[in-house]
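Engineer: Residues in the sequence shown are numbered from 1473 upward in steps of one, following the numbering used here. Backbone N, C-alpha and C define an ideal beta-carbon position, used for all residues, glycine too. Source: prediction; values computed, not measured. I have a structure here, written as structure tokens, and I will follow up with some questions on it.
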Amino acid sequence: MSQPSPKDLSFKGSSPGHPFRHSLILTLEYQACTALSLAWAQSYDTKDWDLLSTIVTPELHIDYRSVMGPTHIWPSMSAAAYVAMMSSPSALGNPLVATQHILGLSSFERTAEDEITGTLQARAHHLRFASDGCGDANGFGKGTGRKVLASATGHAMLKHFYKRTREGTWKLAGLQPTVLFDDGDLKALLTLKEEVSAGAVQP
1473 MSQPSPKDLS FKGSSPGHPF RHSLILTLEY QACTALSLAW AQSYDTKDWD
1523 LLSTIVTPEL HIDYRSVMGP THIWPSMSAA AYVAMMSSPS ALGNPLVATQ
1573 HILGLSSFER TAEDEITGTL QARAHHLRFA SDGCGDANGF GKGTGRKVLA
1623 SATGHAMLKH FYKRTREGTW KLAGLQPTVL FDDGDLKALL TLKEEVSAGA
1673 VQP
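Shown next as structure tokens:
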């Protein structure tokens, strides 16, 4: 029996009788979506906001209610506003905050001809360093110390919404994390104020 060529391989992300003509998610589509999710995590963790701006659609559906509270949902947020929100000093733009977003097992479902929804396991670890001026090995910013003042880890199921543009490129069109449980207080970590010692940098 002949082996299928790579372009024939597909990931079935829908049940029989799916209403969309192309119910199968092709290998190249799967690769594009997983690459977007990886780039999303990388942009957060390396504070590469230029990267984040290149992988998203002009308008996004952002639902951070499970993480930030009941008012934090934006059905149509501009890409610029989303990047500005995440890169804010009160969020992940704080050089004293280091993160690692780890994505685990995933499943994908086509929800329209040019739309796919991914459901991923997610673990987001956050550290808040002291501003003791010693610097840290990862170079997140001047004034970042090695002393950890707070730690918080969120364990969640994460939905990523992907959309194919008119040019045929897949982009991230939104996200919706659902927190299963937290280890630590993320809100307290992001709003932490520390006493300023001699020579220290005020966060």
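1. Using only CA atoms, which one of P1649, A1660 and A1596 lies nearest to I1545?
2. When burial is assigned at 16 or more other CB atoms within 10 Å of the CB, is P1488 buried or exposed?
3. Figure out for me which residue from V1528, D1517, Q1514 and T1518 has the closest Cα to the Cα of F1633.
4. Quick one: what does DSSP say K1643 is sitting in, helix, strand or coil?
5. For K1519, which three-state DSSP category applies?
6. Under 7 Å between the Cβ atoms of H1598 and A1624?
7. Kindly confirm or deny that the segment 1514-1530 and the segment 1634-1653 touch, where touching means at least three C-beta pairs closer than 8 Å.
8. Closer than 8 Å is the cut-off here; do at least three beta carbon pairs connect the segment 1561-1581 with the segment 1498-1515?
9. Which stretch, first to last residue, makes up the beta strand (DSSP E) that contains S1548?
Structural biologist: Taking the coordinates as given:
1. P1649
2. Confidence at P1488 is low in this model, with a pLDDT of 48, below 50, so its placement is unreliable and no value can be given for it.
3. V1528
4. strand
5. coil
6. yes
7. yes
8. yes
9. I1545 to S1550
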